[in-house]
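The structure appears right after this line, and notes come after that.
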Amino acid sequence: MYRTHSNGELRLKHVGEEVTLAGWVQKTRDKGFMIWVDLRDRYGITQLIFDEERTPKEMVERAKTLGREFVIQIKGEVIERVSKNKNIPTGEVEILVKELTILNKSVIPPFTIEDETDGGDELRMKYRYLDIRRNPVKNNLIFRHKVAMETRKYLSDSGFIEVETPYLIKSTPEGARDFVVPSRMNEGQFYALPQSPQTFKQLLMVGGMDKYFQIVKCFRDEDLRADRQPEFTQIDCEMAFVEQEDILNTFEGLTRHLLKEINGVEVTKFPRMSYDEAIKKYGNDKPDIRFGMEFGELNEVAQHKDFGVFNNAELVVGIAVPGGNAYTRKEIDKLIEWVKRPQVGALGMVYARCNDDGTYKSSVDKFYTQDDLAKWAQVTGAKSGDLICVLSGNADKVRTQLSALRMELAERLGLRKSNEFAPLWVVDFPLLEWDEETERYHAMHHPFTSPKPEDMTLLDTDPGKVRANAYDLVLNGNEIGGGSIRIHDKATQALMLGHLGFTPEQAKEQFGFLMNAFEYGAPPHGGIAFGLDRLVAILGGQETIRDFIAFPKNNSGRDIMIDAPSKIDDQQLDELNLKLDLKKT
Ligand code: ASP
Numbered sequence: 236m237y238r239t240h241s242n243g244e245l246r247l248k249h250v251g252e253e254v255t256l257a258g259w260v261q262k263t264r265d266k267g268f269m270i271w272v273d274l275r276d277r278y279g280i281t282q283l284i285f286d287e288e289r290t291p292k293e294m295v296e297r298a299k300t301l302g303r304e305f306v307i308q309i310k311g312e313v314i315e316r317v318s319k320n321k322n323i324p325t326g327e328v329e330i331l332v333k334e335l336t337i338l339n340k341s342v343i344p345p346f347t348i349e350d351e352t353d354g355g356d357e358l359r360m361k362y363r364y365l366d367i368r369r370n371p372v373k374n375n376l377i378f379r380h381k382v383a384m385e386t387r388k389y390l391s392d393s394g395f396i397e398v399e400t401p402y403l404i405k406s407t408p409e410g411a412r413d414f415v416v417p418s419r420m421n422e423g424q425f426y427a428l429p430q431s432p433q434t435f436k437q438l439l440m441v442g443g444m445d446k447y448f449q450i451v452k453c454f455r456d457e458d459l460r461a462d463r464q465p466e467f468t469q470i471d472c473e474m475a476f477v478e479q480e481d482i483l484n485t486f487e488g489l490t491r492h493l494l495k496e497i498n499g500v501e502v503t504k505f506p507r508m509s510y511d512e513a514i515k516k517y518g519n520d521k522p523d524i525r526f527g528m529e530f531g532e533l534n535e536v537a538q539h540k541d542f543g544v545f546n547n548a549e550l551v552v553g554i555a556v557p558g559g560n561a562y563t564r565k566e567i568d569k570l571i572e573w574v575k576r577p578q579v580g581a582l583g584m585v586y587a588r589c590n591d592d593g594t595y596k597s598s599v600d601k602f603y604t605q606d607d608l609a610k611w612a613q614v615t616g617a618k619s620g621d622l623i624c625v626l627s628g629n630a631d632k633v634r635t636q637l638s639a640l641r642m643e644l645a646e647r648l649g650l651r652k653s654n655e656f657a658p659l660w661v662v663d664f665p666l667l668e669w670d671e672e673t674e675r676y677h678a679m680h681h682p683f684t685s686p687k688p689e690d691m692t693l694l695d696t697d698p699g700k701v702r703a704n705a706y707d708l709v710l711n712g713n714e715i716g717g718g719s720i721r722i723h724d725k726a727t728q729a730l731m732l733g734h735l736g737f738t739p740e741q742a743k744e745q746f747g748f749l750m751n752a753f754e755y756g757a758p759p760h761g762g763i764a765f766g767l768d769r770l771v772a773i774l775g776g777q778e779t780i781r782d783f784i785a786f787p788k789n790n791s792g793r794d795i796m797i798d799a800p801s802k803i804d805d806q807q808l809d810e811l812n813l814k815l816d817l818k819k820t
């Protein structure tokens, strides 16, 4: 038997017991006549003591050879510690070692296996198995496990069946490029890895499964923005015979369950907001509503004066920064520099201070009277002591820029509290989105999303105005889930694909299997998918998903531990009947 107890288990009540423990050497302290060793495993740390008076000399000598991360097994007696360590649960006892076995040696690890490590990101990723020994990463993985288990429990208890769907499939458009896999047995042909199990879960509804879920890997070959992974995990769900309302209620239930079980937080309200309103009020379709700072549109009150910049703008829009009048001139200048950074891209920023005595002082006093500025304050909801920040220009761009400023300022003001949870359903998304580059419409969600029946007539006349039965669940400014009611008849699906630029032949070739299935009694259905990595990070009160993934990829999509992707040898290429002819870039 390798161990009788874990290293997190022993307490005063065990004093006098003979125990066997195993684990890694966290550190040793050698006082010459006495050696202490901290022994670590997943469950905690237990202190071992080798002491010249009570331990055989040979063993003390061997204990001196123990290095960091050696794997050892010991037998010994639990004794009460003289100087107790209140910081760890086992801190009242130690083990007087009577037998020591070195199970495996370790070379010196490239970084310290401590909560605060000296290892940089790349090094930690290269030796991820060592990183996982550290509490922060280990605890995140355990946390993720709990979220996954609670999800499975909730959904299974609600009648959902977990069904696996294949990874070697045909392209499912979710707005990214596919990862492809050559087929040896079907020369010259390729599988695509699923961007999501979208079509399969719809086929499961046609198959009568009624309520499906799956915690599943999805693959999208996108340029990796910070904190994106080429492979990520979804809680993927689909239900038959449902309307949007049924889905929102079901998944409010799941979210509420998770927040309660995982965070101990009871969230009662799941407000709903239309996409249009979210864009107008927050410049963003995933607004963080833990704080206010809503946009105030100032066209009416700020245009038609002598200020050309505003007069020529499509949109003039501002926010009130609570307490912002306390900023010095220098700090405001810095803020202006911040919005002008290429990442934000504003051309400039106008501001107005709201003084305590009810007067205003703006950067455009030449053009605006106190009365004008009072109207700005009214529209943006600014109170005395606040600062009004105003951007102007192309409406879409300006909203995005002001949204970035709003989030940045809220962060600086400590308004984005990690222990506060404010979910929000964003509904009524546009069905289609115009793409400047390809000069055609794309499905905003995916091509299987149902238009709102009342908007169907607009599909030919004003496609951009058609709303979809699509919804996103937003939590604290992050989209944690998104889904839609689907098209479930062949004619509408064909019509939709036509609007997306597929010829009937292309539609048949790519989605014939789905449209055929729709001819055999497809029930009305809809679903949603949650991004598990992000959800776990948010519930865990952290910003990045990477440390909730056991073996993540870096920003170039590489796993630097196993060194993938990598070349394959000629024989493998041969078997696949492929020849590389790489374009020089
Ligand atoms: N397949 C969709 C996605 O991955 C989710 C859904 O519509 O259920 O975003």
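Residue numbers (the working numbering): 236 to 820. The beta carbon of each residue, even a glycine, is placed where N, CA and C say it ideally should be.
In the DSSP assignment, the residues bridged to Arg721 are Thr684.
Of the candidates Phe664, Lys814 and Asn789, the residue whose Cα lies closest to the Cα of Pro465 is Asn789. In this structure, the CA atom of Ala612 is about 11 Å from the CA atom of Thr594.
CA-CA distance, Phe783 to Pro800, rounds to 22 Å. For the 8 Å CB-CB criterion, Ala475 and His681 do not form a contact. By a beta-carbon distance limit of 8 Å, Ile307 contacts Ile337. Their separation comes to about 5 Å. Distance from the Cα of Asp707 is smallest, within the candidate group Gln282, Ala630, Phe765 and Trp669, for Phe765. Assignment of Ala513 by DSSP, reduced to helix, strand and coil, places it in the helix class. Taking Glu296 as reference, the option from Arg277, Tyr278, Thr263 and Lys319 with the minimal CA-CA separation is Thr263. Tyr586 and Val552 do not touch by the CB rule: their CB atoms are close to 13 Å apart, not below 8 Å.
Pro739 counts as exposed, since fewer than 16 other C-beta atoms from the protein chains shown sit within 10 angstroms of its C-beta. The beta-carbon separation of Ser391 and Thr407, rounded to 25 Å, does not stay under the 8 Å limit for a contact. At least one heavy atom of the ligand ASP lies closer than 7 Å to the C-beta of His681. Each residue's CA atom was taken as its position, placing Phe753 and Ala705 some 20 Å apart. Relative to Lys618, the option among Phe656, Ile554, Thr673 and Leu710 whose CA is nearest is Ile554.
For Arg651, there is no enclosing beta strand (DSSP E), since its DSSP letter is neither H nor E. Out of Ile514, Asp670, Gln605 and Glu810, the CA that lies nearest to the CA of Arg634 is found in Ile514. In the DSSP assignment, Arg588 forms a beta bridge with Lys596 and Leu622. Judged by beta-carbon spacing, Phe414 lies beyond the 8 Å limit of Asp462, meaning their Cβ atoms are not closer than that value.
Distance from the Cα of Val709 is smallest, within the candidate group Val661, Lys814 and Gln449, for Val661. The beta carbon of Asn242 sits closer than 8 Å to those of Leu256, Gly258, Leu274, Arg275, Asp276, Tyr278, Gly279, Ile280, Thr281 and Thr325, all from its chain and outside the five residues before and after it, given in chain order. Short note on Glu409: C-beta closer than 7 Å to some heavy atom of the ligand ASP.
Residue range Val306 to Glu315 is occupied by the beta strand (DSSP E) that includes Ile309. Taken in chain order, the complete beta strand (DSSP E) segments of 3 or more residues contained in the region 501-549 are 507-509. Within the same chain, and ignoring the five residues on either side of Phe285 in sequence, the residues whose Cβ sits closer than 6 Å to its Cβ are Ile270, Val295, Ala298 and Val332. Note: Tyr447 is bridge-paired with Ile396 and Glu473 in the DSSP secondary-structure output. With a cutoff of 7 Å, Ser719 counts as near the ligand ASP, since its C-beta is closer than that to a heavy atom of the ligand.
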